[in-house]
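As you go down the protein sequences, you meet chains R and C in turn.
Residues in the first sequence are numbered from 74 upward in steps of one, following this note's numbering.
Residues in the second sequence are numbered from 246 upward in steps of one, following this note's numbering.
Glycine residues also receive a C-beta, built at the ideal position from the N, C-alpha and C atoms.
Just below is one structure, and these are the notes that go with it.
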Amino acid sequence: MSKDTMRDEIPPGTLYMLILKTLARLGEMHGFEIANSIQQISEDVLQVEEGSLYPALQRMLIKGWVRAEWGVTAGNRRARYYKLTKAGRKQLEVELSQFQRVNQAIIRVIQTA
Amino acid sequence: MAWFGELWRRLATLIRRRQLDTDLEEEMRLHVELRTQQHIQAGVLPEQAGRVARRRFGNVTLLKEVSREMWGWRWLEVLLQDIRYGLRMLAKNPGVTMAVLSSLALGIGANTAIFSLLNAVVLKALPVERPEQLVQFSETYSQGDEASFAATFEIRYFGSLSTVLDGVRRRVWAIDRNFPLFRVKTLEVQTEDSLVKERLIATLSTFFGVLAALLACIGLYGTMAYGVARRTGEIGLRMALGAHRRGVIWMVLRETVLLIVIGILMGLLCAVGVSHLLASQLYGVKPTDVLTLSAASLLLATVAMFAGYVPARRASRVDPMVALRYE
């Protein structure tokens with residue numbers, strides 16, 4: 074692990090949005106792949122606190138935003154693959170617009186001289 | 246319909262919980278192993294790679310716990326745990342437990358039975374349809390001093406009583422001029438008159454019922470307070486080990502609630518049994534009056550909660566060092 078880049082915890086409440094977006098873009102993935110993907114795409118700035126991915130996924134399963142099925146990885150290991158549902162796609166849109174609204178508001182506040 | 250699907254999935258987690266637990270475990274294990282492999286490929290020493298991967302993952306036990314909370318049955322687990330724990334504590338003091346339970350059961354049972362009966366005899370109307378429409382004709386024939394018998398019949402009337410009576414008299418006397426039709430009373434008055442003794446008894450039993458309820462309350466309070474006070478030493482130990490005052494009070498109250506629930510169930514059985522016995526002697530008495538049962542249960546439950554709370558509060562205020570030495 075390199076310590077030269079600063080790693081930031083993701084802001085609270087955005088984990089669901091990140092997972093939903095990742096699944097929407099890349100289709101079926103297991104937990105480790107989701108964590109890795111978020112980290113890589115954010116160029117290692119966003120570090121998912123890896124374990125906390127799993128409670129979030131459980132909640133998303135209950136909510137019906139994702140479906141899970143056991144499959145086999147490229148390395149021939151049993152893994153649980155998550156897939157976005159229709160409800161999940163709708164939820165992603167809701168979370169995205171909400172996030173953008175809040176973000177723009179914050180930016181306006183901090184940029185006002 | 247989204248909530249329905251969610252409810253369904255929640256229920257499913259309740260049924261398949263063991264499978265879901267192992268699934269979650271396997272998933273998390275795979276994650277740590279894959280991360281370890283990644284580190285090893287990046288040139289980290291194997292034993293160090295495992296440690297780093299685990300640290301980065303977080304507290305597995307805690308995360309599993311949080312995941313289970315997402316299924317939404319945490320309250321149920323806590324409830325079951327409390328009940329198990331409460332039962333164990335109650336079993337440790339069988340004497341006090343039995344005394345409290347019998348006070349509750351008898352207090353609720355006896356009072357419900359008495360008041361249901363009272364309600365039926367004194368407060369409720371006659372067990373016939375529209376009793377106000379009934380009028381009774383009766384005549385007592387006396388022969389000598391002892392032997393007597395009565396001729397009685399009843400009619401159902403509408404409209405003005407005196408008009409109806411005149412009509413009846415005319416018709417009957419047209420057939421038999423000597424037929425006696427003098428002691429005329431509405432059925433309600435007749436019942437009032439003939440039930441004087443029963444009502445007195447009922448009033449007396451009300452008095453005794455109230456007295457019994459009062460005694461049950463006092464007995465319940467005494468026994469419960471004694472049971473909790475006896476545990477001052479245990480409470481002191483808990484507090485010395487770091488239990489909060491509120492936690493200790495809740496512990497006692499949870500056990501009290503458990504006692505109350507069991508006691509009310511036993512009281513219900515008692516009440517049904519006694520009332521059936523009484524009802525078999527009387528016509529038209531409903532075995533159990535729900536209102537009375539609830540009132541008696543509520544009264545005794547309130548007393549029991551109070552009897553648990555006050556001494557628990559007192560015990561939790563005692564300095565742990567003093568409490569530990571309490572005999």
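Along the segment 88-121 of chain R, going in chain order, the ones with a CB nearer than 8 Å to a CB of chain C are His-103, Gly-104, Phe-105, Ala-108. With a contact defined as Cβ atoms closer than 8 Å, C:Ala-447 and C:Ala-552 miss out at about 31 Å. Of the residues assessed, C:Ala-247 falls on the exposed side of the cut-off, its CB having fewer than 16 other CB atoms within 10 angstroms. Residue-level contact by beta carbon fails for C:Leu-252 and chain R, as no gap is shorter than 7 Å.
The count of Cβ pairs closer than 8 Å, one atom from the segment 163-177 of chain R and one from the segment 111-123 of chain R, stays below three, leaving the stretches out of contact.
Of all residues in the segment 267-278 of chain C, only Asp-268, Leu-269, Glu-271, Glu-272, Met-273, Leu-275, His-276, Val-277, Glu-278 place a beta-carbon less than 9 Å from a beta-carbon of chain R. Taking the CA atoms as reference points, C:Val-323 sits about 47 Å from C:Leu-449. The bridge partners DSSP lists for C:Gln-381 are C:Glu-399, C:Lys-430. In this structure the segment 306-315 of chain C touches the segment 124-132 of chain R; the number of beta carbon pairs closer than 8 Å is three or more.
The beta carbon of C:Arg-499 sits closer than 6 Å to those of Asp-327, Gly-331, all from its chain and outside the five residues before and after it, given in chain order.
Distance between C:Ser-561 and C:Arg-475, taken at the CA atoms: about 13 Å. Residues of chain C with a Cβ closer than 9 Å to the Cβ of R:Ala-147 do not exist, since the nearest Cβ in that chain sits about 11 Å away. The beta carbon of C:Ala-358 lies closer than 7 Å to those of Ala-516, Val-519, Ser-520, Leu-523 in the same chain, with the five residues before and after it left out. With contacts defined as CB atoms closer than 7 Å, C:Thr-477 and C:Tyr-571 qualify as a contacting pair. In this structure, DSSP gives C:His-521 a helical state, which the three-state scheme calls helix. Collapsing the DSSP output to three states places C:Val-305 in a helix. Here the C-alpha atom of C:Val-429 lies approximately 9 Å from the C-alpha atom of C:Leu-410. C:Glu-278 is not bridged by DSSP to any residue.
Three or more Cβ pairs closer than 8 Å define a contact, and the segment 84-101 of chain R meets that threshold against the segment 129-136 of chain R. Counting only Cβ-Cβ distances below 8 Å, C:Phe-249 has no contacts in chain R at all, with the closest Cβ about 10 Å away. At least 7 Å separates the CB of R:Glu-168 from every CB of chain C. Take R:Gly-144, set aside five residues on each side of it, and the residues of its chain with a beta-carbon closer than 7 Å to its own are Ala-152, Tyr-154, in chain order.
Under DSSP, R:Val-139 forms a beta bridge with R:Leu-157. DSSP places R:Thr-95 inside the alpha helix (DSSP H), whose first and last residues are 88-99. For R:Val-145, the three-state secondary structure derived from DSSP is strand. With respect to chain C, the C-beta atom of R:Gln-173 has no partner C-beta closer than 7 Å. For R:Arg-132, a Cβ of chain C is located within less than 7 Å of the residue's own Cβ. At a cut-off of 7 Å between C-beta atoms, R:Gly-144 does not count as an interface residue with respect to chain C.
For the 7 Å CB-CB criterion, C:Ala-541 and C:Asn-356 form a contact.
Contact with chain C is absent for R:Arg-162, since none of that chain's Cβ atoms lies less than 7 Å from the residue's Cβ. Interface criterion not met: the Cβ of R:Gly-86 is under 7 Å from no Cβ in chain C. DSSP places C:Ala-287 outside both helix and strand once states are collapsed to three, so it counts as coil. The segment 345-352 of chain C makes contact with the segment 456-470 of chain C; the number of CB pairs closer than 8 Å reaches 3 or more.
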